[in-house]
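Written below as C-alpha cells is the structure these notes are about.
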Amino acid sequence: MLRKSSDIVRYCYQRAAECRERALRANDSALKDTMVVAEDSWITLAHSYELTETLSNFGAELRRYLRSVSHMPACPQCGRPMRMVTTTPAASFINAQQARFDCICGYSECRLIDDKN
Ligand SMILES: [Zn+2]
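The numbering of the sequence shown is our numbering, which starts it at 1 and goes up by one.
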C-alpha cells in the first residue's frame, strides 16, 4: 500500500514509463496512441501529487513562520522583539518545542513554546 506522497509520485512515474515502453513496442497504432495518452495521464497525475506535496510543505513552513512571529518575546536587556532562530522538539514535553531567541543587542535565550499550528 502506498502511503507517502513521494511513493505515490514514484508509482505514477513508473506506470508512465511502463506505458511508454508499451507504446514503443506496440505494432498497432491505436494501442500506441492509447499508451501515449496513458503515459501523459500518469505524468500529469504525478505532477499533481508533486504540486500538492509542495503546497503542503509551503503551508507547514508558513505555519512555522507565523508561529515564530507570534512568539517574539521582548528582550529583557533592551526591550526590542527577539527573533526565533532555531527550534527543536522538547525532550520532556509533548507538543512543545525548545526555541532559541536572539536579540540584535546580542542577548540570547531558550524558551519552551507550544507546538500548535
Ligand atoms: Zn536586546
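We put the CB at the ideal spot given by N, CA and C, even for glycine. Please read all numbers here as calculations on a predicted model, not as lab measurements.
- Message: Can you determine whether any heavy atom of ligand 1 sits closer than 7 Å to the C-beta of Arg67, and answer yes or no?
- Response: To locate residue 67, count along the sequence shown from 1; it is residue 67. No - ligand 1 has no heavy atom lying nearer than 7 Å to the Cβ of Arg67.
- Per DSSP, what kind of secondary structure is Phe176 in: helix, strand or coil? For the chain, the structure presents residues 1 to 117; residue 176 sits outside this window and is missing.
- Give the straight-line distance between the Cα atoms of Arg22 and Ser5, rounded to the nearest whole angstrom. Indexing the sequence shown from 1 puts residue 22 at position 22. Indexing the sequence shown from 1 puts residue 5 at position 5. C-alpha separation (whole angstroms): 26 Å.
- Item | First through last residue of the beta strand (DSSP E) which encompasses Ile94 | Within the sequence shown, the letter at position 94 stands for residue 94. Where Ile94 is concerned, there is no enclosing beta strand (DSSP E), given that its DSSP letter is neither H nor E.
- Item | Residue burial classification, Glu109 (beta-carbon count within 10 angstroms, cutoff 16) | Taking the first residue of the sequence shown as 1, we reach residue 109 at position 109. When all chains shown are included, Glu109 counts as exposed.
- Distance, Asp102 Cα to Leu45 Cα: Translated into the one-based positions of the sequence shown, residue 45 becomes position 45. Translated into the one-based positions of the sequence shown, residue 102 becomes position 102. Distance between the alpha carbons of Leu45 and Asp102 is about 44 Å.
- Continuous beta strand (DSSP E) stretch holding Asp114: start and end: As a first step, residue 114 must be located in the sequence shown, where it is residue number 114. Element bounds for Asp114: Ser108 to Asp114.
- Task: Compute the beta-carbon to beta-carbon distance between Arg20 and Glu39, rounded to the nearest angstrom, for a pair I have assumed lies under 8 Å.
- Result: In the sequence shown, the residue the question calls residue 20 occupies position 20. In the sequence shown, the residue the question calls residue 39 occupies position 39. That belief holds up - the Cβ atoms of Arg20 and Glu39 are roughly 5 Å apart, short of 8 Å.
- Message: What does the Cβ neighbour count give for Met72, buried or exposed, with the cut at 16 atoms within 10 Å?
- Response: Stepping through the sequence shown from its first residue, residue 72 is reached at position 72. When all chains shown are included, Met72 counts as exposed.
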